[in-house]
Every structure is written in C-alpha cells, then in structure tokens.
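Q:
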Amino acid sequence: MASSVSTPDRLALAQVIEEAVLAVPGVVDLIGDVQGGPLGQGAGTWTARGHVAGVRVVAEDERFSVDLAIRAELVDLMELGEQVREAALAAARTAGFEGAVGAVSIRIADIVDAAGEAA
Amino acid sequence: MIVLLARGVARVVASILLPVLALAALVLAAASAAGGALTRDAASAVGLTDAWRSVGDALGGGELADAQTVAIVGAALLAAGLIVLIGVLVPTKDRDLPLQGDPDLAVRRGALRGAVQAQAKSVRGVPDAHVRVRARRLRRGGTARITATNGTRQPDGPIVEKVRSSIAPLTEAFGLRTRVRASNARRKGVI
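One line per chain: the protein sequences are A and B, in this order. For the first sequence, our numbering puts the final residue at 119, and the numbers step up evenly by one. For the second sequence, our numbering puts the final residue at 1191, and the numbers step up evenly by one.
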C-alpha cells in the first residue's frame, strides 16, 4: 500500500473528475453518501486543502482508484455508467493523470425522476 | 413538511438519545455489579449523597437481591447495553446490486426498487405498483416482486405481461428474478 502520490494530486484529480461527471447527461448530483449513523462512511475525498463529496480517490501503489457515488435520472443505467466512466477517465487524461487512474467504480446511490423526486 | 421534520427529529433522537441511554445502562450495570461502595463514592463525588441513600441500597444489592443475583443482572445489563451501542453506532448499509458483467457499476437496492417501480407505473393502465427488491447475500442478483395495480377493464394477464416486459431490461441487467402479479383496482374499490 506504499504510495508516492500526494494529497494535492488526489484533490486535484477528484475535482476534475467531479466536473466531468456532473456534465454527463443523466447525472443529477454527486452524493457524499454518509449513511448508517454516526460511524457511517462518507464517499468523498477529504483533505486539509478541501474536499469533494461523491468522488473518492484512493492512492494505491502509485495509481489512483476512483469510487463515484451519483444521483442519476431514470435513464438507461448501464449506458450511463459507461458514459460516467469514460468521462472520468478522459478528464483524468486531460488533467495530466494519464495512466494514473486504475479502477473506476460507480455506485448509483439514488435515482430521481424528471421532476427531481425520488423514483 | 411536518413529516419531514418529524423524520429528522426521529433520526437525531435515535442517533443521540439511544447511545446516551445505552451508556447510562452501562453505568448502572457497572454500579450494580460493583456494589454499594462504588455507587456511594460516585454519588458523593457528584453531590448526590441524599439520592444515593434513597436508592443506593437497591443498587448495591441490599434487601432486593443477594450479591450473586446483582452480579448476574449487572452482567446482563452490560451485555444489553453493548448490544444497543453496537446496533446504534455500527453503520447499516443498504445492499448494492452490481450490474451483470460489470462489478464496478452497482446500484443501491432502494434506488433500483424506485427505478423498477417507476418503470412499472409507466405501463398504460397501471396507476400504481408496489415493488420489493431483495438482494442475495452470498451470490449476485436477487428477486424483485412487483404488484401492479390493474386500472383497466382488461383481465390481469395482459397487464402482468406488459409490466414484465417493461421492467425486463432493468431487472435482467442486475440479475433480478421477477415475480409480477396484478391487483385489480376495481375489485379493490380504488377506481
């Protein structure tokens, strides 16, 4: 688990991925997703320099793994997942993180209808 | 609005009051197990000597019970307090259902339930649908049980088939076996 990637890298990567994912049609929001009481885990990248809710970037063996928790519209979820993953990887490449991102896990934590109500 | 507020209050109470109650139970249990001297000292430390005189004998195993009974009750209370603390503090997690063929894409069970329900209600002649989704514990996939309200004069069969084909892309993608049935709105007096 030794890592040579730094906290500013993690935060910067989380920020560019957040921006890219929110631009994908069908993605309503990214969710901090704290659940399960006082000790529940939150999905996000939290550093002393700032935080990004819903985008968890973990440094593992000189690469980053990315976990996304999203609120989505009621669309084709498989296609949405692919678009989100492609957007995240493309944003990472553009921001100079090419080859640094490993697995991108996507969790659809909530689905809402067109009016924004829970489906 | 009131319901939302009440739910918020209930969550706060559940997450704050229950741990406080559990801790109080632990303290009481420890005091019961330790005996009268400890409770007397603790009461005098916080200026509650008079109150201790009223209840201290009972806590310390005076006339109400012998030392062995008090120790058993105290241990039971300790165990109960620990169980309550664990139940309150350990996060409950809504189980996720991974996409078949792509374990890195998962949907929360509750969200999938809502999506299946919305899909079922999109069928013409189905004004309402009740959905239960269960995820398997050890293997992938699960079961979705859908009760669609038949708001038409048609028999239930065609409605069931329409609902089944409408939700199939979604449920099959996440490995859900479906059981669809219809309840007749006219028979139930809904319409």
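No residue lacks a Cβ here, since even glycine has one placed at the ideal position from N, Cα and C.
#1: Let me make sure I understand the geometry here. Which of 1140(B), 1164(B), 1085(B) and 1044(B) has the alpha-carbon closest to that of residue 1016(B)?
#2: Whole angstroms are fine: how far does the CA of residue 60(A) sit from the CA of residue 1155(B)?
#3: With 8 Å as the threshold, decide whether the Cβ of residue 56(A) is near any Cβ in chain B.
#4: Is DSSP giving residue 1072(B) helix, strand or coil here?
#5: Could you tell me the distance, in whole angstroms, from the CA atom of residue 1175(B) to the CA atom of residue 1131(B)?
#6: Would you say residue 1096(B) reaches chain A, if we count a Cβ-Cβ gap shorter than 8 Å as a contact?
#7: Determine the contact status of residue 1096(B) and residue 93(A), defining contact as a CB-CB distance below 8 Å.
#8: Report the partner residues of residue 1179(B) according to the DSSP bridge assignment.
#9: What is the rounded straight-line gap between the Cα of residue 1149(B) and the Cα of residue 1127(B)?
#10: Give me the subset of the region 64-78 of chain A whose CB atoms are less than 7 Å from a CB atom of chain B, sorted by chain position.
#11: Indicate whether at least one CB of chain B lies closer than 8 Å to the CB of residue 113(A).
#12: Buried or exposed for residue 1051(B), please, with buried defined as at least 16 other CB atoms from any protein chain shown within 10 angstroms of its CB.
#13: Which chain A residues sit within Cβ distance under 7 Å of residue 1107(B)?
#14: What is the DSSP secondary structure of residue 17(A), reduced to helix, strand or coil?
#15: Is the region 1132-1152 of chain B in contact with the region 41-56 of chain A, if contact means three or more CB pairs nearer than 8 Å?
#16: Short of 9 Å Cβ to Cβ, which residues in the region 83-106 of chain A face chain B?
#17: Using 8 Å as the limit for Cβ to Cβ distance, is residue 10(A) near chain B?
#18: My assumption, with CB atoms under 8 Å, is that residue 55(A) sits in contact with residue 30(A). Please give the rounded CB distance.
A: The structure says:
#1: Numbered from its first residue, the second sequence carries residue 1016(B) at position 16. If we check each option's Cα against that of residue 1016(B), 1085(B) comes out closest.
#2: Locating residue 1155(B) in the second sequence gives position 155, where the first residue counts as 1. Locating residue 60(A) in the first sequence gives position 60, where the first residue counts as 1. Going from the Cα of residue 1155(B) to the Cα of residue 60(A) covers about 58 Å.
#3: The residue you call residue 56(A) lines up with position 56 of the first sequence. No, residue 56(A) lies away from the interface with chain B (no Cβ there is under 8 Å from its Cβ).
#4: As a position in the second sequence, residue 1072(B) is number 72, starting the count at 1. Looking at residue 1072(B) - three-state DSSP - the assignment turns out to be helix.
#5: Along the second sequence, one-based indexing puts residue 1175(B) at 175. Along the second sequence, one-based indexing puts residue 1131(B) at 131. Computed Cα separation, rounded: 16 Å.
#6: Counting from 1 along the second sequence, the entry for residue 1096(B) is found at position 96. Yes, its Cβ sits closer than 8 Å to a Cβ of chain A.
#7: Sequence index remark: in the second sequence, residue 1096(B) carries index 96 (1-based). Sequence index remark: in the first sequence, residue 93(A) carries index 93 (1-based). For residue 1096(B) and residue 93(A), no; Cβs fall outside 8 Å.
#8: The residue you call residue 1179(B) lines up with position 179 of the second sequence. BP columns for residue 1179(B) point to 1145(B).
#9: Along the second sequence, read from residue 1 onward, the residue named residue 1149(B) stands at position 149. Along the second sequence, read from residue 1 onward, the residue named residue 1127(B) stands at position 127. Near 6 Å, if we compare the C-alpha coordinates of residue 1127(B) and residue 1149(B).
#10: 74, 77 and 78
#11: Taking the first sequence and counting its residues from 1, one reaches residue 113(A) at position 113. Cβ-Cβ to chain B under 8 Å: yes for residue 113(A).
#12: Here residue 1051(B) is taken as the residue at index 51 of the second sequence, counted from 1. Residue 1051(B) is exposed by the Cβ-count criterion.
#13: Mapped onto the second sequence, residue 1107(B) falls at position 107. Going along chain A in sequence order, the residues near residue 1107(B) (Cβ under 7 Å) are 77 and 108.
#14: Numbered from its first residue, the first sequence carries residue 17(A) at position 17. Looking at residue 17(A) - three-state DSSP - the assignment turns out to be helix.
#15: no
#16: 84, 85, 103, 104, 105 and 106
#17: Working through the first sequence from its first residue, we reach residue 10(A) at position 10. Not closer than 8 Å to any Cβ of chain B, the Cβ of residue 10(A) fails to qualify, so no.
#18: In the first sequence, counting from the first residue as 1, residue 55(A) sits at position 55. In the first sequence, counting from the first residue as 1, residue 30(A) sits at position 30. Correct: roughly 6 Å between the Cβ atoms.
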